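Asker: My questions all concern the structure below.
2 protein chains.
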Amino acid sequence: MSAEQLRVGFIGTGIMGAPMAGHLAKAGYTVAAWNRTPDKATALESNGVTVSDTPQQAVTQADVVVVMLSSGPVCDEVILGPQGLLAAMKAHSTLVVMSSIPVETAQHQAQAATKHDIGYLDAPVSGGERGAQDASLAIMVGGDVETFELTSALLSVMGNPVRVGPAGTGQLAKLANQLIVANTIATVSEAVLLAERGGADPAKVREALLGGFADSTILRSHMPRMIANDFAPGGPAKWQLKDTQTAIALAEQFSLELPVSSLVNGLFKDLVAHGDGELDHSALIRELRRRNELPNGD
Amino acid sequence: MSAEQLRVGFIGTGIMGAPMAGHLAKAGYTVAAWNRTPDKATALESNGVTVSDTPQQAVTQADVVVVMLSSGPVCDEVILGPQGLLAAMKAHSTLVVMSSIPVETAQHQAQAATKHDIGYLDAPVSGGERGAQDASLAIMVGGDVETFELTSALLSVMGNPVRVGPAGTGQLAKLANQLIVANTIATVSEAVLLAERGGADPAKVREALLGGFADSTILRSHMPRMIANDFAPGGPAKWQLKDTQTAIALAEQFSLELPVSSLVNGLFKDLVAHGDGELDHSALIRELRRRNELPNGD
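Protein chains in written order, with the numbering used here: chain A, 1 to 298; chain B, 299 to 596.
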């Protein structure tokens with residue numbers, strides 16, 4: 001089906017959801033949106049989005065429903081139950097949950113969707129507010145191949161969707177993403193300390209490393225924050241900790257020992273325990289300075 | 299001075315040095331090269347490089363001498379002493395040591411050069427054989443600002459030179475580079491194990507993560523080797539271990555605790571102890587599989 005023929009229900013038009021819904025409308029999809037705080041949805045009307053008074057109203061006509069709410073329990077509350085989205089949606093439509101929720105929650109929602117003859121994808125994203133605005137989100141998709149193929153053109157309007165496996169594995173990929181981010185922040189922090197302590201200019205070290213084997217998004221975007229001691233969040237450390245804890249708990253369920261990730265999870269735990277949870281996750285360098293009795297500039 | 303007016307002595311034309319010397323000759327520098335095994339230098343004559351019979355002969359007329367030998371002791375042997383390069387070089391010429399050598403060795407060589415009225419830079423590289431061939435090496439430079447400015451046009455012919463601080467800090471930046479590489483390999487290995495164990499396709503997870511916060515050169519170039527169990531070296535694990543051990547020893551000298559790097563150093567130690575030292579450094583995933591009693595396909 002072309003964009004013009006597809007009706008989309010968009011549930012949750014907050015910081016991330018609003019630009020995502022806007023991109024869909026601008027791409028020609030017929031979008032009905034609902035948000036708990038209505039004014040955030042109303043701002044989208046200039047893009048041609050229709051604002052619905054209830055979640056049910058936004059989805060009854062929809063071929064595809066996109067959910068971008070804040071957490072697993074909030075998603076479950078809106079999706080499941082006699083007043084939930086699944087009960088209101090058409091048979092043979094598709095539910096795409098783009099929130100970051102536990103793997104098991106996604107698997108359970110997928111089973112519930114199947115009972116309603118509704119296709120299900122979990123499709124969490126990485127790239128933050130800027131990625132949502134630029135339509136450059138990394139979109140990690142779990143679900144059936146057929147359901148993915150039905151919706152991949154739509155997802156491509158918001159970023160780069162890749163199917164990684166069955167329902168729940170989109171969330172698994174997101175956790176792998178978050179582990180890599182956390183560990184790379186710890187790693188780059190240690191490199192900054194070594195460079196500083198040995199009398200090198202860490203900003204110049206960063207410049208020298210660009211393009212080589214040590215290059216990464218964290219080196220490019222987070223290392224300057226560490227050097228400048230500028231930890232206005234981006235992604236707050238407390239959320240990073242929540243993700244690393246979820247990932248480590250899942251690894252333990254799998255009887256999988258991940259030594260580096262476990263260590264870094266502990267570092268983030270200490271960082272938050274020391275009162276730095278509201279700072280950007282790159283503030284992990286503060287915890288490493290603390291351990292080494294180095295000044296943190298405060 | 300323009301390239302045509304500058305005479306370069308190039309000491310060590312092995313796998314890395316040969317293409318680097320060739321680039322200098324092609325850029326118009328007058329290059330005299332010496333190599334312990336003469337045929338490796340002779341192959342450069344078609345690029346206009348003159349082959350010298352002795353290191354001294356290659357450097358007596360040189361404005362800039364580039365050293366690309368295999369280790370700190372070999373560099374010291376060729377550079378220092380009454381028959382060494384410093385004794386043979388002109389006053390006010392410049393010695394650029396591009397080998398990876400200990401920070402202290404570089405500092406000591408810099409002091410010796412000063413006594414001969416010779417400028418000194420330590421300028422180790424990252425990017426490997428391909429980087430040398432493509433003239434895209436990351437070049438991490440320690441030394442005086444003035445000496446760096448005199449040679450930066452020449453260094454730019456071989457890659458991207460960045461001065462990071464005084465003599466020795468080029469080597470320090472290289473160690474920071476190697477720590478980041480080692481830790482990122484460990485991190486991506488753990489992400490592969492988590493993805494596999496949870497039923498996701500790790501190759502698709504990699505694809506989904508490209509361009510996001512978890513992106514890195516290691517994700518792009520090494521993760522496919524982990525997934526394919528293809529560990530033909532690249533950079534052998536035993537060299538990675540040598541670098542992480544040097545970096546950790548230096549951090550200890552600085553009384554600096556680097557918990558993630560120390561842990562990863564221990565993982566590489568175990569990998570090599572288990573007989574995998576000749577494999578590519580991305581084979582660290584084998585050590586993590588071993589710890590988790592997962593099959594390694596051999």
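Glycine is no exception: its CB is placed at the ideal position from the N, C-alpha and C atoms. Keep in mind it's a predicted model, so treat the numbers as computed, not measured.
Would you call G379 (chain B) buried or exposed, if buried means 16 or more other Cβ atoms sit within 10 Å of its Cβ?
Answerer: exposed
Asker: Do you know how far the Cα of E343 (chain B) is from the Cα of L258 (chain A)?
Answerer: Between L258 (chain A) and E343 (chain B), the alpha-carbon positions lie close to 52 Å from each other.
Asker: Tell me which residue opens and which closes the beta strand (DSSP E) that M438 (chain B) is part of.
Answerer: L435 to G441
Asker: Alpha carbon to alpha carbon, how far is T184 (chain A) from K540 (chain B)?
Answerer: 21 Å
Asker: Between the Cα of G424 (chain B) and those of B:L384, B:N475, B:A408 and B:T392, spot the shortest distance and give me the residue it belongs to.
Answerer: Looking at the sequence shown, residue 424 (chain B) is not Gly but Ser. Ranked by Cα distance from S424 (chain B), the options B:L384, B:N475, B:A408 and B:T392 are led by B:N475.
Asker: Mind checking I15 (chain A): buried by the 16 CB within 10 Å criterion, or exposed?
Answerer: Taking all protein chains shown into account, I15 (chain A) has fewer than 16 neighbouring C-beta atoms within 10 Å of its C-beta and is therefore exposed.
Asker: List the residues that DSSP assigns as beta-bridge partners of P534 (chain B).
Answerer: DSSP output for P534 (chain B) lists B:D578 as bridge partner(s).
Asker: Taking DSSP's pairing of strands, which residues face D122 (chain A) in a bridge?
Answerer: A:V97 and A:G142
Asker: Quick check: the Cα distance between A386 (chain B) and L393 (chain B), rounded to an integer number of angstroms?
Answerer: 12 Å
Asker: Expressed to the nearest angstrom, what Euclidean distance is found between the alpha-carbon atoms of D442 (chain B) and P422 (chain B)?
Answerer: 16 Å
Asker: Short of 8 Å in beta carbon distance, which residues of its chain neighbour A113 (chain A), apart from the five on each side in sequence? Order them along the chain.
Answerer: L86, L95, G119 and Y120
Asker: Taking the DSSP output, what are the residues bridged to G305 (chain B)?
Answerer: The sequence as given places Arg at residue 305 (chain B); Gly does not occur at that position. For R305 (chain B), which the question treats as bridged, DSSP gives the partners B:T328.
Asker: So is D432 (chain B) buried or exposed if we call it buried at 16+ other beta carbons inside 10 Å?
Answerer: Flag for D432 (chain B) reads exposed.
Asker: Roughly how many whole angstroms lie between the Cα atoms of S514 (chain B) and Q355 (chain B)?
Answerer: 44 Å
Asker: Tell me the residue span of the beta strand (DSSP E) that contains P459 (chain B).
Answerer: G457 to G463
Asker: I'd like to know whether the C-beta of V145 (chain A) is nearer than 8 Å to at least one C-beta of chain B.
Answerer: Closer than 8 Å to the CB of V145 (chain A) there is not a single CB belonging to chain B.
Asker: What residues of chain B sit near L256 (chain A), judged by a beta carbon separation below 8 Å?
Answerer: L491, L492, R495 and N590
Asker: If you compare alpha carbons, which of B:A389, B:S434 and B:D420 is closest to P464 (chain B)?
Answerer: Looking at the Cα atoms, B:D420 is the closest of the given residues.
Asker: Using the beta-carbon of each residue, which ones in chain B are nearer than 8 Å to T187 (chain A)?
Answerer: Under the 8 Å cutoff, chain B gives L477, I478, N481, T482, T485, V558 and S559.
Asker: Sorted by chain position, which residues of the same chain lie with C-beta nearer than 6 Å to P19 (chain A)'s C-beta, five sequence neighbours on each side aside?
Answerer: A132 and Q133
Asker: DSSP three-state call for S71 (chain A): helix, strand or coil?
Answerer: coil
Asker: Which residues of the region 217-230 of chain A have a Cβ closer than 8 Å to any Cβ of chain B? Give them in chain order.
Answerer: T217, I218, L219 and S221
Asker: Taking just the CA atoms, how far does L175 (chain A) sit from V31 (chain A)?
Answerer: Cα to Cα, the separation comes out at about 30 Å.
Asker: Any C-beta of chain B sitting closer than 8 Å to the C-beta of R286 (chain A)?
Answerer: no
Asker: Kindly indicate if chain A contains any beta-carbon less than 8 Å away from that of P317 (chain B).
Answerer: False, the Cβ-Cβ gap to chain A never drops below 8 Å.
Asker: Out of A:R7, A:I180 and A:A232, state which residue places its alpha-carbon closest to the alpha-carbon of K90 (chain A).
Answerer: Of the candidates A:R7, A:I180 and A:A232, the residue whose Cα lies closest to the Cα of K90 (chain A) is A:R7.
Asker: Under a three-way DSSP split, which group does S514 (chain B) fall into?
Answerer: strand
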